[in-house]
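Student: Read left to right, the sequence shown gives residues -28 to -1, 1 to 448 (mature numbering (1 follows the signal peptide of the UniProt record, and there is no 0)).
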Amino acid sequence: MRGFLASSIGVTCATALALPAAALPATASPATPASPTPPGTGRTTATAPTAVAVPGATRSLPLRSLARDRAPSAPGTAQLGVPRQSVRPFSLVGVVWDDPGAPLHGQVQVRTRAAGTGTWSHWRDLETHQDDHAPDPATAESARGGVRGATAPLWVGDADGVELRVRAEDGPGDPHTRGPARPLPSGLRLELVDPGGDLPAPAPSGRAGAPATPATPTAPTGPTTPAAPATELPATELPALDRAATEREALDQAAATEGQLAGGTGVPAGQRAKRHIGPRPAIVTRHGWGADEKLREQSFVHTKEVRAAFVHHTATGNDYRCAQAPSVIRGIYRYHVRSLGWRDVGYNFFVDKCGKIYEGRAGGVAEPVLGAHTMGFNANSTGIAVLGTFGSHRPPSAAVTAVARLTAWKLGLQGVDPRGTTSLKSAGGNLHRKGRTVRLNTISGHRDGFSTSCPGAELYAKLGTARSAAASYQGR
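(1) DSSP state of P298, grouped into three classes?
(2) Around the Cβ of P21, are there at least 16 other Cβ atoms within 10 angstroms (buried) or fewer (exposed)?
(3) Bridge partners of E163, per DSSP?
(4) Excluding five sequence neighbours on each side, which residues of the same chain lie with their C-beta closer than 6 angstroms to the C-beta of R31?
(5) On the CB-based measure, 16 or more other CB atoms within 10 Å of its CB, does Q51 come out buried or exposed?
(6) Can you tell me whether H284 is buried or exposed? The criterion is at least 16 other CB atoms within 10 Å of its CB, across all chains shown.
(7) Report all residues from its chain with a CB closer than 8 angstroms to the CB of P61; omit the five preceding and five following residues, and keep chain order.
(8) For the beta strand (DSSP E) holding R139, just list the boundary residues, first then last.
(9) If I'm right that A443 touches P367 with Cβ under 8 angstroms, what's the distance once you round it to whole angstroms?
(10) Over the uninterrupted beta strand (DSSP E) stretch that includes A287, give me the two end residues.
(11) Ordered along the chain, which non-local residues of its own chain (more than five positions away) have a Cβ less than 8 angstroms from that of S425?
(12) Quick check on Y432: buried or exposed, where buried means 16 or more other Cβ atoms within 10 Å of its Cβ?
(13) Could you check whether S353 and F282 sit closer than 8 angstroms to each other, using their CB atoms as the reference points?
(14) Please give me, in chain order, every unbroken run of the beta strand (DSSP E) with length at least 3 that falls completely inside the segment 315 to 391.
(15) Have a look at G73 and A399 and give me their C-alpha separation to the nearest angstrom.
(16) Kindly indicate which three-state DSSP category E113 falls into: helix, strand or coil?
(17) Check this for me: beta carbons of I415 and I329, under 8 angstroms apart or not?
(18) When the distance is taken between beta carbons, is L312 closer than 8 angstroms to R161?
(19) So, does the segment 302 to 310 touch the segment 262 to 270, judging by three or more C-beta pairs under 8 angstroms?
(20) Do you know whose CA, among A441, V128 and T218, lies nearest T373's CA?
(21) On the criterion of 16 or more Cβ atoms from any shown chain inside 10 Å, does R139 qualify as buried, or is it exposed?
(22) Nearest CA to the CA of S271: which residue from V341, E141 and M347?
(23) In the DSSP assignment, find the unbroken alpha helix (DSSP H) run with G436 in it and report its ends.
(24) What do you get for P55, buried or exposed, if any count of 16 or more other CB atoms within 10 angstroms of its CB means buried?
(25) Kindly indicate which residue of L359, R252 and R315 has the alpha-carbon position closest to the one of A295.
(26) Quick one, which of L396, L136, H308 and F422 has its alpha-carbon nearest R411's?
(27) Rounded to whole angstroms, what's the CA-CA distance from W92 to R85? Just pull it up for me.
(28) Using DSSP with H/G/I as helix, E/B as strand and the rest coil, what is I255?
(29) Buried or exposed: R36, going by 16 or more other Cβ atoms within 10 Å of its Cβ?
(30) Please classify T394: is it buried, with 16 or more other beta-carbons within 10 angstroms of its beta-carbon, or exposed?
Shown next, in the form of structure tokens:
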């Protein structure tokens, strides 16, 4: 279903449902068109960037040898790293390298100095097997220049000092000795991400002074719709609706959309059977968490529909307060775009430990936006990332409930039963070969589509609970 608009909450909220947050008066440079969408992968829509953003920064430090007096291939050697040093404030770290297809066989550890106390943390591991969170192979996003390999990002809080070490794994050897260290990928750099400060206060009237200037439209490879000029400030949050209001809005918009496509007056009243759509939960928009829309590509790529939801954990650690969640999301967004070279943040939605839901990749929360979250299965799916690391840490019940509420609504827009299964064709990965049709749960974990530990054993164990709850929210 396209364009599921909530008229009851006005123009500002409707914009975030059908498209990303509407633009304020244009103060940014003209938008850069996205790479053309390969045939069959989706459709593209152009919009203008907003002028509202929370300032942030990314600083990149090259890794250098830390083993001056030992052979580079000596087993166990911390071959590369960044010596302890003072730096400008940051809150999120990660390591990137040139070739996104090159694995990093080794251990990456970081320690940071708290900006407020001057205390150094213990050594913390960065998750190195992160290539499974990526655009699908053979898409414009994966083929664009500047895409890099990377570790998972790690949230460290306000910090002004850093030290990093990378130890390569030992290669194969005989039964009595260890082989030489495996080569590390080239172009290793430490990324220090400052997500910016607090959100700017909204204008009291909720209005901007003038309409925005539309962005340059993308090359037409499918149906392309330019964004309408906006005179309203974008909403910071889409309020929750009850089930009756949600179903009414969905039916009315479906009738309007189908009527426009057919040149008629919409769906006859007799065909408006009850639909199993969960009540729409409250969703913090990109404007609400302070997205700098100038960072991303200024067009959106949509697929045909959403038939499944893949649940992830961000592997950024659990040491954040709920009030910091917007900062964590801004850090991940900046890391995905500036450090990894993606067109936008990879996930379609975020959920924090307190159960608050956030809009992810731009294109409209009710739309089938093509993400970069489950390599091989990004088309016709949505990616929901719970902020945190849940390999051995139990996810909060509020977060699991939020996943259930979100999937009850999002899958319900397409008539999908959260307890059911669906068939998706693999675009290529390490678990399902390209072209293979795979039967998956409509609420799946990342590990169901790719050989990975994500979303962590503890969160994965809660997906059955989420499926049952989501079906209940749909009235099944």
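Even glycine gets a Cβ: it sits at the ideal position worked out from N, Cα and C. These numbers were taken from a predicted model, which means no experiment stands behind them.
Tutor: Once the coordinates are examined:
(1) Here residue 298 refers to the residue found at position 326 of the sequence shown. Looking at P298 - three-state DSSP - the assignment turns out to be helix.
(2) By one-based count along the sequence shown, residue 21 stands at place 49. Reliability of the predicted coordinates at P21 is poor, the pLDDT of 42 falling under 50, and no value is obtained from them.
(3) Numbered from its first residue, the sequence shown carries residue 163 at position 191. DSSP lists S32 and G66 as partners of E163.
(4) Along the sequence shown, one-based indexing puts residue 31 at 59. Cβ neighbours of R31 beyond the five flanking positions: L164.
(5) By 1-based counting over the sequence shown, the position of residue 51 is 79. Flag for Q51 reads buried.
(6) For the purposes of this step, residue 284 is identified with residue 312 of the sequence shown, where counting begins at 1. Result: buried.
(7) Residue numbering aside, residue 61 sits at position 89 when the sequence shown is read from its first letter. Correct list, in chain order: A87, D130, A131, D132 and D166.
(8) Here residue 139 refers to the residue found at position 167 of the sequence shown. Start and end: L126 to A140.
(9) In the sequence shown, counting from the first residue as 1, residue 443 sits at position 471. In the sequence shown, counting from the first residue as 1, residue 367 sits at position 395. Actually they do not touch by this definition, with Cβ atoms about 19 angstroms apart.
(10) Stepping through the sequence shown from its first residue, residue 287 is reached at position 315. From DSSP, A287 is part of no beta strand (DSSP E); its letter is neither H nor E.
(11) By 1-based counting over the sequence shown, the position of residue 425 is 453. Excluding sequence neighbours, S425 sits near H101, G363 and R419.
(12) Counted from its first residue, the sequence shown places residue 432 at position 460. Y432 comes out buried.
(13) By 1-based counting over the sequence shown, the position of residue 282 is 310. By 1-based counting over the sequence shown, the position of residue 353 is 381. Closer than 8 angstroms, so yes.
(14) 321 to 323, 329 to 331 and 353 to 358
(15) On the sequence shown, residue 73 is found 101 positions in, with the first residue counted as 1. On the sequence shown, residue 399 is found 427 positions in, with the first residue counted as 1. So the two alpha carbons sit approximately 16 angstroms from each other.
(16) Stepping through the sequence shown from its first residue, residue 113 is reached at position 141. In the structure shown, E113 sits in a helix (DSSP, three-state: H, G or I).
(17) Translated into the one-based positions of the sequence shown, residue 415 becomes position 443. Translated into the one-based positions of the sequence shown, residue 329 becomes position 357. Contact flag unset, no.
(18) Taking the sequence shown and counting its residues from 1, one reaches residue 161 at position 189. Taking the sequence shown and counting its residues from 1, one reaches residue 312 at position 340. Contact flag unset, no.
(19) yes
(20) The sequence position of residue 373 within the sequence shown is 401, counting from 1. Closest option to T373, Cα to Cα, is A441.
(21) Here residue 139 is taken as the residue at index 167 of the sequence shown, counted from 1. It is buried - the Cβ of R139 has at least 16 other Cβ atoms within 10 Å.
(22) For the purposes of this step, residue 271 is identified with residue 299 of the sequence shown, where counting begins at 1. Among V341, E141 and M347, the Cα nearest to that of S271 is on V341.
(23) Taking the first residue of the sequence shown as 1, we reach residue 436 at position 464. L435 to Y445 is the span of the alpha helix (DSSP H), which, as asked, contains G436.
(24) Within the sequence shown, residue 55 is the residue found at index 83, counting from 1. Exposed, because fewer than 16 other Cβ atoms sit within 10 Å of the Cβ of P55.
(25) Locating residue 295 in the sequence shown gives position 323, counting from the first residue. Here the closest residue by C-alpha is L359.
(26) The sequence position of residue 411 within the sequence shown is 439, counting from 1. Taking only the C-alpha atoms, the option nearest R411 is L396.
(27) Taking the first residue of the sequence shown as position 1, residue 92 is located at position 120. Taking the first residue of the sequence shown as position 1, residue 85 is located at position 113. The alpha-carbon atoms of W92 and R85 are separated by roughly 4 angstroms.
(28) For this step, residue 255 is matched to residue 283 along the sequence shown. Three-state result, I255: strand.
(29) Numbered from 1 along the sequence shown, position 64 holds the residue referred to as residue 36. So R36 counts as exposed.
(30) Mapped onto the sequence shown, residue 394 falls at position 422. By the 10 Å Cβ count, T394 comes out buried.
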